[in-house]
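For the sequence shown, the UniProt record's numbering gives the first residue as 1, with consecutive numbering after it. Note that beta-carbon positions come from the ideal geometry of N, C-alpha and C, so glycine has one too.
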Amino acid sequence: MVQLGKYTCGLDAAFAVVDGKWKPLILWELRSGPKRFNALHRSLPGVSQKMLTQHLKELQRHGVVHRESYHEVPPRVEYSMTPAGRELLDSLEPLGDWATKHIELICAGEAS
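See below:
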């Protein structure tokens with residue numbers, strides 16, 4: 001049996017990886033390939049540079065995002081999904097499909 005450490009179940013552990021408003025959206029933006037920080041920042045209106053940096057570091061620690069630093073002038077850094085990140089995004093897509101299907105319920109719950 002798999003030991004889950006501090007997590008109560010696999011779902012609890014998975015949600016710890018994507019916890020926060022921006023992490024699933026960061027993964028979604030990286031689905032098409034590596035992106036530089038500023039390109040990611042522009043593609044996520046409303047996220048601060050500080051929050052994007054924090055979330056990217058957390059996603060790296062969880063092993064779902066890779067940071068590649070190129071020793072060039074000027075320096076270049078790109079972020080991409082790891083195989084585990086692609087697998088995670090694939091597992092989140094049905095959740096997004098569910099939300100799209102039930103968007104009226106979700107919005108009604110937020111309004112009350």
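Buried or exposed for G85, please, with buried defined as at least 16 other CB atoms from any protein chain shown within 10 angstroms of its CB.
Here residue 85 refers to the residue found at position 85 when the sequence shown is read from its first residue. Buried, since its Cβ has 16 or more Cβ neighbours within 10 Å.
Kindly give me the distance between the Cβ atoms of L56 and Y79, rounded to whole angstroms, as I take these residues to be in contact under 8 Å.
Taking the first residue of the sequence shown as 1, we reach residue 56 at position 56. Taking the first residue of the sequence shown as 1, we reach residue 79 at position 79. Yes, L56 and Y79 are in contact; Cβ-Cβ is about 6 Å, under 8 Å.
Would you give the residue range spanned by the beta strand (DSSP E) that H66 belongs to?
For this step, residue 66 is matched to residue 66 along the sequence shown. That run of the beta strand (DSSP E) goes V65 to Y70.
If you compare alpha carbons, which of K101, G10 and V65 is closest to residue 127?
Since the displayed the chain opens at 1 and closes at 112, residue 127 lies outside it and no answer follows.
Decide if L95 is buried, meaning its Cβ has at least 16 other Cβ atoms within 10 Å, or exposed.
Your numbering for residue 95 matches position 95 in the sequence shown. Exposed, because fewer than 16 other Cβ atoms sit within 10 Å of the Cβ of L95.
Going by alpha carbons, who is nearest to P54 out of P45, F37, E68 and S43?
For this step, residue 54 is matched to residue 54 along the sequence shown. It is Gln, not Pro, that sits at residue 54 in the sequence shown. The shortest C-alpha separation from Q54 is found at F37.
Given a threshold of 16 other Cβ atoms within 10 Å of its Cβ, counted over all protein chains shown, does K23 qualify as buried or as exposed?
In the sequence shown, counting from the first residue as 1, residue 23 sits at position 23. Flag for K23 reads buried.
Hey, could you find the ends of the beta strand (DSSP E) R76 is sitting in?
As a first step, residue 76 must be located in the sequence shown, where it is residue number 76. Here the beta strand (DSSP E) through R76 covers R76 to M81.
Mind checking I26: buried by the 16 CB within 10 Å criterion, or exposed?
Here residue 26 refers to the residue found at position 26 when the sequence shown is read from its first residue. So I26 ends up on the buried side.
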